[in-house]
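Below: one structure, written as structure tokens.
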Amino acid sequence: MTPPERVAEALRGLGLADSVRVFARSTATAAEAAEAVGCEPGQIVKTLLFVADGRPTMVLVAGDRQVDTAQLAAILGVGRKRLKMGSAEEVRAYTGYEVGGVAPVGWPTRVDVVVDASLRRFARVWAAAGATNAVFGVATEELVAAIGGQWADIAREPV
Numbered sequence: 513m514t515p516p517e518r519v520a521e522a523l524r525g526l527g528l529a530d531s532v533r534v535f536a537r538s539t540a541t542a543a544e545a546a547e548a549v550g551c552e553p554g555q556i557v558k559t560l561l562f563v564a565d566g567r568p569t570m571v572l573v574a575g576d577r578q579v580d581t582a583q584l585a586a587i588l589g590v591g592r593k594r595l596k597m598g599s600a601e602e603v604r605a606y607t608g609y610e611v612g613g614v615a616p617v618g619w620p621t622r623v624d625v626v627v628d629a630s631l632r633r634f635a636r637v638w639a640a641a642g643a644t645n646a647v648f649g650v651a652t653e654e655l656v657a658a659i660g661g662q663w664a665d666i667a668r669e670p671v
């Protein structure tokens with residue numbers, strides 16, 4: 513099973529519509545994905561892996577924002593120095609996906625999920641679907657509810 517097929521299966525398992533789209537071009541960055549699907553960059557969900565004191569945490573942030581690691585560390589109850597971005601190897605190990613194609617669904621093990629509150633600006637968002645050229649669209653609130661996400665103010669606007 514390909515990673516996008518695994519994402520489609522995970523979406524169906526969560527009761528979400530399978531809306532995986534595979535492109536001939538890259539959708540690995542928020543700008544590339546937004547151009548491919550014809551939406552605002554903020555509607556692209558960046559799915560990031562952070563490790564807080566050895567505990568993996570999935571972080572979903574709007575494509576036009578950056579994670580404020582101090583705020584995230586406080587929410588996770590660790591000092592800022594105890595929070596780090598997952599390495600490419602950790603991302604593969606925890607998610608089963610390569611960097612640039614990490615989907616917020618279909619992970620081999622359940623982890624904590626923190627979701628950037630600025631994503632609530634959008635009724636519908638797009639997220640990576642397991643490959644650097646695949647995405648899926650979904651209602652924002654439905655995705656967050658299905659994956660057990662916790663809403664939080666964890667992002668800052670770009671300068």
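Here the sequence shown is numbered in my numbering, starting from 513 and rising by one per residue.
Yeah, the Cβ is synthetic: ideal placement off N, Cα and C, and Gly gets one too.
Note that this is a predicted model, so its numbers are computed, not measured.
Compute the Euclidean distance between the alpha carbons of residue i and residue j, then round it to the nearest angstrom.
i       : j       : result
Val-626 : Asp-580 : 12 angstroms
Gln-583 : Asp-665 : 8 angstroms
Gln-662 : Val-656 : 8 angstroms
Ile-587 : Arg-577 : 18 angstroms
Ala-540 : Val-519 : 16 angstroms
Gly-598 : Thr-652 : 24 angstroms
Pro-620 : Ala-546 : 27 angstroms
Glu-544 : Val-563 : 27 angstroms
Pro-553 : Gly-589 : 30 angstroms
Ala-536 : Leu-631 : 27 angstroms
Do residue j and residue i have their beta-carbon atoms positioned less than 8 angstroms apart in this structure?
i       : j       : result
Gly-613 : Thr-569 : no
Ala-646 : Arg-533 : yes
Leu-572 : Asp-628 : yes
Ala-585 : Arg-592 : yes
Gly-618 : Ala-522 : yes
Val-603 : Val-611 : yes
Gly-642 : Pro-516 : yes
Ala-658 : Ala-574 : no
Leu-528 : Glu-654 : yes
Please check the pair residue i and residue j, which I expect to be a contact at CB under 8 angstroms, by giving their CB distance rounded to whole angstroms.
i       : j       : result
Ala-542 : Lys-558 : 6 angstroms
Ala-640 : Ala-615 : 5 angstroms
Arg-636 : Val-650 : 7 angstroms
Does the beta carbon of residue i sit closer than 8 angstroms to a beta carbon anywhere in chain C?
i       : result
Thr-541 : As a matter of chain content, chain C is missing from the structure shown, which is built from one protein chain.
Starting from residue i, trace the alpha helix (DSSP H) in both directions and tell me its first and last residue.
i       : result
Pro-516 : 515-525
Val-603 : 600-607
Leu-588 : 581-588
Val-614 : That residue, Val-614, is in no alpha helix (DSSP H); it is neither H nor E in DSSP.
Ala-635 : Careful: Ala-635 lies outside any alpha helix (DSSP H) and carries neither H nor E.
Can you tell me where the beta strand (DSSP E) holding residue i begins and where it ends?
i       : result
Ile-556 : 556-564
Leu-572 : 567-574
Taking 7 angstroms as the cut-off, is the beta-carbon of residue i closer than that to any non-hydrogen atom of the ligand FAD?
i       : result
Val-603 : Absence of the ligand FAD from the depicted structure is noted, as is the absence of any ligand whatsoever, leaving it without description.
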